[in-house]
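Position 115 of the sequence shown, counting from 1, maps to 95 under the numbering used here, and the rest follow consecutively. Backbone N, C-alpha and C define an ideal beta-carbon position, used for all residues, glycine too. Source: prediction; values computed, not measured.
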Amino acid sequence: MKSGFVAIIGRPNAGKSTLLNQLIKEKLAIISNKAQTTRDRIKGVVNTPSAQIVFVDTPGIHKPKHLLGEYMTKTALSTIKDVDAVLVMIDGSEEIGRGDEFIFESIKGCKAPIIVGINKIDKLSDDEIESQKFEIKKRIEGNFTFVTLSAEYNMGIERLTGVIESFLPEGEPFYPEDMYTDYPMYKLIPEIVREKILKYTEEEIPHSVAVTIDHVERRPNGKDCYTVNIYVERQSQKGIIIGAQGKNLKQVGIEARKEI
Ligand code: GDP
Ligand code: MG
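Encoded structure:
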């Protein structure tokens, strides 16, 4: 039996959270096409017949422009210090740019084996995949292994876990087999609500939305009732989130409840 921890790092929007969700087949990390939606580290546990892989999703690494960004980058970089392998997710459909270079730079000297996942290959031709590999090779120092995949369309996922497994040390599982995350419900619920808000409010609403659980009512039927609060920075953002005749907020509620 093998077991170990793997950090998933990469630029915002590379597909880290999508991959984590695909790996554990549950909606765990919130996905959004707006950058920087994952604020904390989220662990996902994958059990194969011969290994337990504990994935640690991180906020996207990017050159910090503000304090929250700085915190998120720090969280991501400190994660790679104590893992058995590092998976660098690359958005293969975008040009390799400064953002990726910043990441390659930051894993320099990292002792754990590095796997570079070229994601979104559903959008790429074989030639394009090859040229992306070429561009990446030019920029990375030291040894690493390529894996091509599509997190969204479930391509190359098994190959990826196989490669990761080969790098893990022998060891007993860290978590029971039926436990797929250490992420608690009280954190997951606000994240789900936040994701729906991001979905129903376009660019006008920046990432200045926070959601908290204010009250939990334990009901005899086993269905708990959560009261959440949505915080915004400016008064004007309130109306946007609520929408005309409360349309947006209602939709947020409907979809969030379903998912929860
Ligand atoms: P993160 O910021 O790295 O966690 O990225 P997300 O997982 O939130 O994904 C960002 C966006 O890329 C979302 O809109 C996903 O649906 C999309 N995406 C992720 N993986 C793939 C993929 O394999 N193919 C395509 N076409 N889109 C993907
Ligand atoms: Mg994410």
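(Q) Closest to Thr(-2) by C-alpha separation, out of Glu110, Lys100, Gly219, would be which residue? (A) Lys100
Q) Under 7 angstroms, do Leu229 and Ile222 count as touching if we go by C-beta distance? A) yes
Q) What residue range is occupied by the uninterrupted alpha helix (DSSP H) comprising Lys(-4)? A) -4 to 4
Q.
Quick check: Val25 and Val34, are their CB atoms within less than 7 angstroms of each other?
A. yes
Q: Can you check DSSP and say which residues form a bridge with Thr28?
A: In DSSP, Thr28 forms a bridge with Ala31.
Q) Quick one: what's got a C-beta closer than 7 angstroms to Ala236's C-beta in the same chain, skipping five residues either side? A) Ile172, Val173, Lys176
(Q) I'd like to know if Met165 contacts chain D, where contact means its C-beta is closer than 7 angstroms to some C-beta of that chain. (A) The chain inventory of the structure shown lacks chain D, comprising one protein chain alone.
Q.
Let me check understanding here. Comparing Cα to Cα, which of Glu121, Asn209, Glu108 lies closest to Glu85?
A. Glu121
Q. With respect to 6 angstroms, is the separation between the Cβ of Asp80 and the closest non-hydrogen atom of the ligand GDP below this value?
A. no
Q: Grab the span of the alpha helix (DSSP H) containing Thr141 for me, first residue to last.
A: 137 to 147
Q. Hey, is Gly219 close to the ligand GDP, as in C-beta under 6 angstroms from one of its heavy atoms?
A. No.
Q) Are the beta-carbon atoms belonging to Ile98 and Ile70 less than 7 angstroms from one another? A) yes
(Q) Cutting at 8 angstroms between CB atoms, please list the residues of its own chain near Met(-19), excluding the five before and the five after it. (A) Ser30, Ala31, Gln32, Glu150, Gly151, Glu152, Pro153, listed in sequence order.
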